[in-house]
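Here the structure is laid out as structure tokens; the discussion comes afterwards.
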Amino acid sequence: MILEILNPMHYNITSMVPEVMPAATLPILLLTSLLLLVWNYEDTSSIPGPGYCMGIGPLISHCRFLWMGIGAACNYYNKMYGEFMRVWVCGEETLIISKSSSMFHIMKHSHYVSRFGSKLGLQCIGMHENGIIFNNNTDLWKVTRPFFMKALSGPGLVQMMAICVESLKKHLDRLEEVTDPSGFVDVLTLMRCIMLDTSNMLFLRIPLDEKAIVVKIQGYFDAWQALLFKPDIFFKISWLYKKYEKSVKELKDALGILIDEKRRRISTAEKLDECMDFATELILAEKRGDLTKENVNQCILEMLIAAPDTMSISVFFMLLLIAQHPQVEEALMKEIQTVIGERDIKIEDVQKLKVVENFINESIRYQPVVDLVMRKALEDDVIDGYPVKKGTNIILNLGRMHRLEFFPKPNEFTLENFAKNVPYRYFQPFGFGPRACAGKYIAMVMLKASLVTVLRRFHPQTSSGEGIDNIKKKNDLAFHPDESSNFLRMTFAPRNLDKCLEH
Ligand code: HEM
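Just so you know, UniProt numbering puts 4 at position 4 of the sequence shown, and the rest follows in order with no gaps.
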């Protein structure tokens, strides 16, 4: 560790001084002692973490985040300094926490409802004081969040099941469009198109070119991930961030055209009651002067990217896990046959699919797509005995917590981990409390619809030796597969349900 080498307490200074000291040595020693004092001056915090060392500590920790990716850097630091530790991000004190008791405290309390990130980075992607996901202006966030909560619960949640199944069937009927000549299905593109189509059918309802928008969503996500922690100096050099700015503009422009069409349709509609949806509610709020046009467009953008960003990768990981675990597949198929049989899944089935639910939970525990949660302390506090100052950034390392506490076989993928009821403080893949995932319930509906509909028709397979543990992944803002790798290949063998259950 560089910081340990640099730390003066590491050495016995007297043993390093030669017996006959030249005249210049004394002032050098005095100067060095003074520097060492300053060096250690900031290291008074009781929270474990690397030393400040005249700003070298913050520099190194920030570089580590940029170089390793956020999730991987958090795992590194928690492993190195413990489950409640302190680093610096963008020069600001940042806690990395993977203890369930501290997480529970933070998620529960309303003075942790803000997030953090580079202001210039967030401005560049349009999230600064706009939308919901990284809107750190809590007054504005409080205005937009109810629009999301309304659309993602109640009747929206019920409608989602039928819409999602319809979209899945439509896309699975055209599987050849995402299958290469060797029979390998591009599962990520398939699922992204389904998730975008489903979100559009429920929240915006304007025809769109799925494949083109999916590519733009990828570009937008890459920009978000790349810019979130970039230092201000990065934004002074335009050629460095130009390509990200371009990706953001491409998605915003494409969605802007669709949203303007929506505005036009609303203004010419005879009865608004019949066409009420998420986008309409926002546009009406804009007309009343409650929201700006920029904010409305950003909210719609975030609603349309939320599922393609998270659900498609989750389903992809789940299909890989099924391909690797034939007994788990058998248990899933047995339950699907018993509860659903030959028809399509309905909303009433959701509660009855216990094995499917345990499988989904174990999959997102073992291989999450969202490994961490970012928050900011809006008041001074004490967490698990540690003083936490107002303004401190906090990263909750969910993925690590899910492998450290409670589960009987934390480093294995097995349904035994969910055989007993899991107290919710030990399993928080969507977070909880006032800033929890707004889509946590609808996500479960979409995941069940996707798994049941795909599995009833196909048996997912990978080439021998390919599995979830040996595909290349990057653990940054999200935990994503490396899409340039050949290890993403999967085939979908048509299934004869009766035959499969005879085994
Ligand atoms: C496997 C699927 C998903 C996972 C694992 C997931 C996980 C998360 C997590 C961990 C957060 C941060 C929560 C916190 O700070 O406590 C979050 C935020 C959010 N999620 Fe999800 N999510 C998923 C799917 C979805 C879907 C399908 C939607 C909507 C269509 C959605 C909408 C949101 C929104 C709007 C936020 C920001 C909430 C806010 O800041 O107030 N998520 N999600």
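Quick reminder that beta carbons are idealized off the backbone N, C-alpha and C, glycines included. Please read these numbers as outputs of a predicted model, since none were measured by experiment.
Going by DSSP in three states, residue i sits in which element: helix, strand or coil?
i	result
Val373	strand
Ser314	helix
Phe492	strand
Leu396	strand
Pro387	strand
Val422	coil
Ser153	coil
Phe479	strand
Ala438	coil
Lys334	helix
Lys243	helix
Ser61	helix
Phe278	helix
Lys230	coil
Rounded to the nearest angstrom, how far is the Cβ of residue i from that of residue j, given a contact under 8 Å?
i	j	result
Arg64	Tyr76	7 Å
Gln367	Ile266	Between Ile266 and Gln367 the Cβ distance is about 41 Å, and since that is not below 8 Å, they are no contact.
Phe413	Glu330	The pair is not a contact, with the Cβ atoms about 15 Å apart (cut-off 8 Å).
Leu404	Ser98	6 Å
Asn417	Arg365	7 Å
To which residues of the same chain is residue i closer than 8 Å at the C-beta, ignoring the five residues directly before and after it?
i	result
Phe229	His62, Phe65, Leu66, Ile70, Val89, Cys90, Gly117, Ser118, Gly121
Phe406	Ser100, Val422, Pro423, Tyr426, Phe427
Asp476	Gly69, Ile70, Gly71, Ala72, Gln225
Tyr241	Cys124, Leu227, Lys230, Phe234, Phe235
Asp277	Ala151, Leu202, Phe203, Leu204, Arg205
Asp482	Ile471, Lys472, Lys473, Lys474
Lys293	Glu286
So does residue i have its beta carbon nearer than 7 Å to some heavy atom of the ligand HEM?
i	result
Ser199	yes
Arg365	no
Met401	no
Met107	yes
Met127	no
Pro155	no
Val350	no
Met303	yes
Thr392	no
Pro429	yes
Thr94	no
Gly71	no
Arg86	no
Phe65	no
Ile206	no
Arg192	no
Leu319	no
Ala212	no
Met160	no
Phe413	no
Ser449	Sequence inspection shows Ala at residue 449; the Ser mentioned does not correspond to that position. Every heavy atom of the ligand HEM is 7 Å or more from the Cβ of Ala449, so no.
residue 510	Residue 510 is absent from the structure shown; the chain starts at 1 and stops at 503.
Thr310	yes
Ala438	yes
Leu455	no
Phe116	no
Met446	yes
Under the DSSP definition of a beta bridge, which residues are partnered with residue i?
i	result
Val87	Thr94
Val158	Paired residues: none, contrary to the question.
Asp173	Paired residues: none, contrary to the question.
Pro460	Phe492
Val382	Pro387
Lys473	Pro481
Ser114	Lys376
Val185	Thr179, Met490
Which same chain residues end up closer than 7 Å to residue i when comparing Cβ atoms and leaving out the 5 residues on each side of it in sequence?
i	result
Leu157	Tyr441, Ile442, Val445
Ile96	Cys74, Tyr77, Asn78, Met85, Val87, Ile395, Asn397
Ser182	none
Leu175	Val185, Phe492
Leu455	Leu332, Met333, Ile336
His128	Lys119, Leu122
Leu353	Glu335, Val339, Lys448
Ser484	none
Spatial neighbours of residue i within its chain, please: CB distance less than 6 Å, with the 5 preceding and 5 following residues excluded, ordered by chain position.
i	result
His459	Ala493, Arg495
residue 504	The shown model of the chain, from 1 to 503, leaves out residue 504, and the question about it has no answer.
Leu320	Ile468
Asp381	Val388
Phe432	Met107
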